[in-house]
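Counting along the sequence shown from 1, when you hit position 392 you're at 392 in full-length UniProt numbering, and nothing is skipped either side. All C-beta atoms, glycine included, are put in the ideal place defined by N, C-alpha and C. Presented below is the structure to which this report refers.
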Amino acid sequence: MSNGGSPLERLIPPGSLLACFNVVTASAIGTGVLTLPWAIKESGLGLGLILVVCAALVANISLNILMMAACKTRSRSYADLLAWCIGPLAGPLIDFLIFFETLVSISCYFIFLGDFSSELLMLFDVPAWLKEKSNLVLLSLVIIAPLCLPSKLSYLRYTSTVSLVGLFWTTVVVVTKTPSLYRQRTGQASGIGGNGEAGEHSIQWMVLSPDCLKTASIGVFAFFCHFNIVPAARELKNPTTNRMLALTTTSSIFLVVFFSLLASCGYLSWLDDLQEDFLANYPPEDPLVIVSRVLLTATMVCMVPVREKTPRTELLSCFPQLMVHPMLSSLTALAQWNTTRSDDKRTHDRLLPAGTGSDVQASSYGTADETSSSFCEGRRDDDPESGRTRRYAQRGEKDAQVPPAVGGSAEPGKAKRNGVLKVGGLPFRVGVVAVILTTNVLVALYWPDVANLIALIGGTFDTLFVVTFPAVIYYCVLADSHSRPVRCFVIGFLLLFTLVCFVSAVLVLCETFLSLRQH
C-alpha cells in the first residue's frame with residue numbers, strides 16, 4: 001500500500017465513502033442553517049420539522065437521481081448531465097443561474113456580517129456610528145474587496161474549516177442553553193418536558209399561514225449540495241447502487257439531524273421573540289456566544305471571496321472555490337458560448353438500458369476509449385476536463401465552441417471568443433468585483449430581512465438545481481428503468497415541491513413590493 005499523500009488523505013482515502021460524505025455534507029452546511037430557527041417559528045415546531053424533513057427527502061431523492069444518471073451517462077458535471085436532457089443550451093443556462101444565484105447569495109453574508117460585528121462592538125466603548133449595521137457593512141468592503149481581487153487565494157484554504165467549526169460550536173452553545181432559556185420563557189420549573197402551555201409564551205406546533213411555505217424554501221437552500229454530487233460519483237470507489245445509496249442516505253440523515261437540532265433548540269430558546277438572526281437574541285456579553293460571533297464573523301469575511309457550494313474537481317481539496325470566481329467563469333462562458341443545433345447535440349437517446357443486479361452499468365455513449373474508462377467501473381480519465389472537451393468536440397459541429405467548465409473550473413483570464421474577445425487580467429477583475437460588491441451591499445442595506453432573502457433564493461435558483469432539473473433528468477434518463485408507480489411518485493413529489501417553493505418565492509416578492517410601497 002502506498003504511503004504517499006497528505007496525512008488527511010491517509011486517514012480519509014480519496015474515493016472512500018467517508019471522503020465523499022465529507023465533501024457532500026461540508027458543501028451543504030452554510031448560512032442557510034442560521035435561518036432555520038426563524039423558519040420553525042413561522043410554521044410552528046411540528047409543521048416546521050415536517051417541512052425540513054420533506055426538504056431533506058427531496059434533496060436525498062434528487063441526489064440519488066444525479067448520481068445514478070451521472071453514472072449511467074458518464075457525465076462529469078451537472079451541466080453535462082442536464083445537456084443530455086435539454087441539449088447544448090444547458091451550459092449557458094447553468095452559467096446564467098450560477099451567476100445570479102451567487103450574486104444574491106453574497107448579500108446574505110453581508111447581512112450576517114453586519115449583525116455579528118455590530119453585536120461584538122457593543123462590548124466596546126466605540127462611537128455610536130460604528131455600531132450601526134449599515135456602516136459596518138460598508139466598512140467591511142475595506143477588508144473584503146482586496147481579498148476578492150487575486151486570481152489565487154491559497155491563503156484562504158482553511159476557510160471551510162473555520163466555517164464548520166463556527167457552526168458546530170454555535171450548535172453546541174445553543175443546545176446547552178436551551179433548557180434554561182426555555183424555562184425562563186415559559187415559566188415552567190419542569191423544563192422542556194412540560195406541556196408548553198404555562199407562562200407568558202408557549203410552543204406553537206402548527207402555524208397555518210402563507211409564511212409557513214418559506215420553511216420549505218429555506219430548507220432547500222440549506223440542503224443544497226448538488227453541484228458536488230457528480231464529482232463524488234466519479235470519485236467513489238466501487239460505485240455500486242448500494243454504495244451510492246449509502247452515501248446519499250448517510251449524508252441526508254446527518255444533515256437533517258444536525259439542522260433539526262439547531263432549528264428546534266434555537267426556536268425553543270426564544271419562542272415568539274425569536275429574531276431572523278437568532279444569535280441577536282442572546283446577550284452581547286455572553287462569553288460562549290461571543291466566541292460564536294467571532295468565528296462566524298471571520299467566516300462571513302472569508303466566505304465572500306470563498307464559497308464551498310460551487311463544484312470541485314478533486315475531493316478533499318483544501319481550497320474551496322472562489323465566491324466571485326464562478327461568477328467570472330459564468331460571464332466568460334456566456335461570452336464564448338457558440339450554440340449549435342440542438343438536434344446535433346442531443347445524445348440522451350444513446351443510453352444503454354439499465355443494467356441488471358446492483359451495479360450501475362456504463363452507457364455506450366462516446367468512444368471505445370471512454371467506455372473502457374467509465375468511472376462507474378472505478379476507472380477515470382486522468383484529466384476530466386480534457387475528456388469532457390473531447391466528447392463535446394466529437395458530437396458537435398466542426399465550428400462549435402468547446403463548452404466551458406461550469407461553476408468555477410474555467411479560467412477567466414484565458415477566455416476568448418473566436419480569438420477576438422479576451423476576458424481577464426487585473427482590470428477585468430477589479431471592474432467586475434466592484435460591480436458585484438456594490439450590488440451586494442445595496443441589496444444588504446435595502447433588504448435587511450435575511451430570512452426572506454434566503455427563502456427567495458431557495459424558492460427560485462436553488463429549487464431549480466435541487467428539485468426541478470433533477471426531475472427533468474430523471475424523466476429523460478432513469479424513468480424507463482422504474483415501474484409506473486415509482487415514476488409517478490418521484491416526478492409528482494418533485495414537481496409538487498417545486499410548486500410549493502415557487503409559491504413561497506412569489507409571496508416573498510409580493511411582501512417586499514408592498515413594503516417598498518409603504519415606505
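Thinking C-beta only, is residue 100 closer than 8 Å to residue 461? Numbered from 1 along the sequence shown, position 461 holds the residue referred to as residue 461. Numbered from 1 along the sequence shown, position 100 holds the residue referred to as residue 100. It is a contact, given that the beta carbons lie within the stated cut-off.
Within the continuous alpha helix (DSSP H) that includes residue 29, where are the two ends? For this step, residue 29 is matched to residue 29 along the sequence shown. That residue, residue 29, is in no alpha helix (DSSP H); it is neither H nor E in DSSP.
Residue 501, enclosing alpha helix (DSSP H) - first and last residue: In the sequence shown, residue 501 corresponds to position 501, counting from 1. Its alpha helix (DSSP H) spans residues 484 to 518.
Any idea what DSSP makes of residue 125, helix, strand or coil? Along the sequence shown, read from residue 1 onward, the residue named residue 125 stands at position 125. Here residue 125 sits in coil by DSSP.
Using a 10 Å radius around the Cβ and a threshold of 16 neighbouring Cβ atoms, would you call residue 483 buried or exposed? Within the sequence shown, the letter at position 483 stands for residue 483. Residue 483 is exposed by the Cβ-count criterion.
Quick one, which of 479, 514, 102, 459 has its alpha-carbon nearest residue 503's? Taking the first residue of the sequence shown as position 1, residue 503 is located at position 503. Checked all of 479, 514, 102, 459; the closest Cα to residue 503 is 459.
When the Cα atoms are used, what is the spatial distance from residue 262 to residue 162? Mapped onto the sequence shown, residue 262 falls at position 262. Mapped onto the sequence shown, residue 162 falls at position 162. Going by the C-alpha atoms only, they are around 18 Å apart.
Close Cβ partners of residue 34 (< 6 Å) along its chain, the five nearest in sequence each way excluded: For the purposes of this step, residue 34 is taken as the residue at position 34 of the sequence shown. Hits under 6 Å: none found.
Give the straight-line distance between the Cα atoms of residue 517 and residue 509, rounded to the nearest whole angstrom. Here the question's residue 517 lines up with position 517 in the sequence shown. Here the question's residue 509 lines up with position 509 in the sequence shown. If I take the Cα positions, the gap works out to 12 Å.
Output the distance between the C-alpha atoms of residue 211 and residue 259, rounded to the nearest integer angstrom. On the sequence shown, position 211 is the one that residue 211 refers to. On the sequence shown, position 259 is the one that residue 259 refers to. Whole-angstrom Cα-Cα distance: 20 Å.
Going by alpha carbons, who is nearest to residue 515 out of 464, 456, 489, 446? Position 515 of the sequence shown, counting from 1, holds the residue named residue 515. Nearest C-alpha to residue 515: 446.
Under the three-state reduction of DSSP, which class applies to residue 237: helix, strand or coil? For this step, residue 237 is matched to residue 237 along the sequence shown. It is coil, neither helix nor strand.
Cα-Cα separation between residue 94 and residue 79, rounded to whole angstroms: Counting from one through the sequence shown, the residue named residue 94 turns up at place 94. Counting from one through the sequence shown, the residue named residue 79 turns up at place 79. Their backbone Cα atoms lie some 6 Å apart in a straight line.
Is it a yes or a no for the region 47 to 61 touching the region 220 to 236, going by three-plus beta-carbon pairs under 8 Å? yes
Mapping DSSP to helix, strand and coil, what is residue 42? In the sequence shown, residue 42 corresponds to position 42, counting from 1. Residue state, collapsed to three classes: helix.
Buried or exposed by the 16-neighbour rule on C-beta atoms within 10 Å, applied to residue 235: Indexing the sequence shown from 1 puts residue 235 at position 235. It counts as buried.
Look up residue 464 in the DSSP assignment and say whether it is helix, strand or coil. Translated into the one-based positions of the sequence shown, residue 464 becomes position 464. Residue 464: helix per DSSP, three-state reduction.
Nearest neighbour of residue 203, chosen from 16, 455, 45, 133 [CA to CA]: Locating residue 203 in the sequence shown gives position 203, where the first residue counts as 1. Ranking the options by Cα distance to residue 203, first place goes to 45.
If I measure Cβ to Cβ from residue 136 and keep anything under 6 Å in the same chain, skipping five residues before and after, which residues do I get? Here residue 136 refers to the residue found at position 136 of the sequence shown. If we look at residue 136 and ignore the five residues flanking it on each side, its Cβ neighbours are 114, 117, 118.
Contact check, residue 120 vs residue 297 under 8 Å by CB: the rounded distance? Position 120 of the sequence shown, counting from 1, holds the residue named residue 120. Position 297 of the sequence shown, counting from 1, holds the residue named residue 297. Their Cβ separation, rounded to whole angstroms, is 7 Å, which keeps residue 120 and residue 297 in contact under 8 Å.
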